[in-house]
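Presented below is the structure to which this report refers.
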Amino acid sequence: MEDTFVSHWTLIRSLLSILQWWSFNVTVIIVNKWIFQKLDFKFPLSVSCVHFICSAIGGYVVIKVLKLKPLITVNPEDHLKRIFPMSFVFCINIVLGNVSLRYIPVSFMQTIKSFTPATTVVLQWLVWRKYFDWRIWASLIPIVGGILLTSVTEMSFNMFGFCAALLGCLATSTKTILAESLLHGYKFDSINTVYYMAPYATMILVLPALLLEGNGVLEWLNIHPYPWSALIIIFSSGVFAFCLNFSIFYVIHSTTAVTFNVAGNLKVAVAVLVSWLIFRNPISYLNAVGCAITLVGCTFYGYVRHMLSQQPPVPGTPRTPRTPRSKMELLPLVNDKLENKV
């Protein structure tokens, strides 16, 4: 009886963790798109800066004030040699996500972000000359094909937003690859990642945001009919962005690696559906098919990597880059999306 209760509670906890992860993820995406489209606040650098500030404050409160998570100590010399370079890539990743969200629909942006596994594999193969099993390459075919179909049939296509989203995939892949060397020895979770990197990202971004968007923000404040209500929404998006990081920390401790992968791809589908219900951006039949093919391909890619990680290496076979054996390693250093968010 006790074992049954424990198994039921474990299942319920896993479902709750996935639901709250989905909720914060979709909320961040929708609120950001609402800021750009409905509030007419067309300043992605400023929005990203607000996210970094809120995340820096949130990380400090959780670790230093509430002590809900122990602080991972970093050697002083590693702040400039390791943390700062990662923070720079982290900053670029978030900014590109918000820039793409400014110009293209959520459905299109989320589909392009699903291209990250392919860019990661290609970068590791080109730069590090790492060997990949043929099944890894085969699993990328539906991802690439689905994104090509989605891009060709996208009715709200914008080249600038498309390029920003694509470069965001490269930034995410670069961040994941650099983490292997720059953060070697530090087992960062999502909360400690935000605690260390958000302050540096704020310092990196605040000057460009002021120079490039400062005058525009002041003008927007003068002409907007309800500036204070709009500012509350903008800063709320930063709070939700930090809550997303906290939800990721919770979900990776409550689910298996396979469940995490499947839930991550279903999360994209939920975000696409909710965004369409709210913003009603036109989606053609072939566009929806391309999005579905991409998500199925991402799920298949995760399954292949998990399956290969369970197999013992064959003597004499070139070494395949180690497949993550835990949910924490499956997760990019900053969430994926913080792909498109902090």
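At position 242 of the sequence shown the residue is numbered 242 (the UniProt record's numbering), and the sequence of numbers has no breaks. Backbone N, C-alpha and C fix where the C-beta goes; we use that ideal spot for every residue, glycine too.
Can you grab the Cα-Cα spacing for the pair residue i / residue j, in whole Å?
{"i": "E154", "j": "I72", "result": "44 Å"}
{"i": "T320", "j": "D133", "result": "Legend: pLDDT at T320 = 46, less than 50; position of this residue unreliable, value from coordinates given subsequently. If you take the alpha carbons of T320 and D133, they lie about 7 Å apart."}
{"i": "V13", "j": "S254", "result": "A small fix is needed here, since residue 13 is Arg in this sequence, not Val. About 7 Å."}
{"i": "residue 345", "j": "F300", "result": "Lying before the first or after the last residue shown, residue 345 is absent from the chain, which here runs from 1 to 342."}
{"i": "I191", "j": "V251", "result": "13 Å"}
{"i": "L66", "j": "Y60", "result": "9 Å"}
{"i": "V152", "j": "C291", "result": "12 Å"}
{"i": "Y103", "j": "L15", "result": "34 Å"}
{"i": "S17", "j": "F246", "result": "11 Å"}
{"i": "A164", "j": "K33", "result": "15 Å"}
{"i": "F235", "j": "P227", "result": "12 Å"}
{"i": "L68", "j": "P117", "result": "32 Å"}
{"i": "W128", "j": "A179", "result": "14 Å"}
{"i": "A271", "j": "N98", "result": "15 Å"}
{"i": "G161", "j": "S229", "result": "27 Å"}
{"i": "N215", "j": "N222", "result": "11 Å"}
{"i": "K130", "j": "V239", "result": "39 Å"}
{"i": "W9", "j": "H306", "result": "26 Å"}
{"i": "K187", "j": "R82", "result": "13 Å"}
{"i": "M159", "j": "L166", "result": "10 Å"}
{"i": "residue 400", "j": "L126", "result": "As shown, the chain starts at 1 and ends at 342. That puts residue 400 outside it, with no answer to give."}
{"i": "L231", "j": "P225", "result": "12 Å"}
{"i": "L140", "j": "P70", "result": "38 Å"}
{"i": "Q124", "j": "W137", "result": "12 Å"}
{"i": "residue 347", "j": "P312", "result": "Outside the shown range of the chain, which is 1 to 342, sits residue 347, and nothing can be said about it."}
Determine, using beta carbons only, whether residue i and residue j come nearer to each other than 8 Å.
{"i": "A198", "j": "A288", "result": "no"}
{"i": "P142", "j": "G297", "result": "yes"}
{"i": "S275", "j": "V31", "result": "no"}
{"i": "L170", "j": "T111", "result": "no"}
{"i": "L218", "j": "C49", "result": "no"}
{"i": "A209", "j": "S100", "result": "no"}
{"i": "R135", "j": "V26", "result": "no"}
{"i": "A201", "j": "C91", "result": "yes"}
{"i": "Q37", "j": "F249", "result": "no"}
So that I know if they touch, is there some Cβ in chain D lying closer than 8 Å to that of residue i?
{"i": "R129", "result": "Looking at the structure shown, chain D is missing, and only one protein chain is on hand."}
Would you mind giving the Cβ-Cβ distance between residue i and residue j, rounded to the nearest angstrom? I have them listed as a contact below 8 Å.
{"i": "I35", "j": "S237", "result": "6 Å"}
{"i": "I147", "j": "T294", "result": "5 Å"}
{"i": "G168", "j": "N75", "result": "Incorrect: roughly 30 Å between the Cβ atoms, too far for contact."}
{"i": "F52", "j": "W220", "result": "Actually they do not touch by this definition, with Cβ atoms about 20 Å apart."}
{"i": "E213", "j": "F43", "result": "4 Å"}
{"i": "I233", "j": "L39", "result": "7 Å"}
{"i": "L149", "j": "L273", "result": "Between L273 and L149 the Cβ distance is about 19 Å, and since that is not below 8 Å, they are no contact."}
Among the options, which residue has its Cα nearest to the Cα of residue i?
{"i": "V28", "options": "L80, C243, I278, L277", "result": "C243"}
{"i": "V268", "options": "V95, S114, F90, L15", "result": "S114"}
{"i": "L182", "options": "H79, K33, W9", "result": "H79"}
{"i": "F157", "options": "I283, P117, P312, F246", "result": "I283"}
{"i": "L11", "options": "T256, A271, L286, Y285", "result": "T256"}
Exercise. Is the segment 255–271 close to the segment 17–29, with three or more CB pairs under 8 Å?
Worked result: The segment 255–271 makes contact with the segment 17–29: 3 or more CB pairs, one atom from each, lie closer than 8 Å.
Exercise. Taking contact to mean at least 3 C-beta pairs separated by less than 8 Å, is the segment 156–175 in contact with the segment 77–97?
Worked result: Verdict: yes, contact present.
For this session: Indicate whether the contact test is met: 3 or more Cβ pairs, each with one atom in the segment 52–67 and one in the segment 183–195, closer than 8 Å.
Result: Yes, the segment 52–67 touches the segment 183–195.
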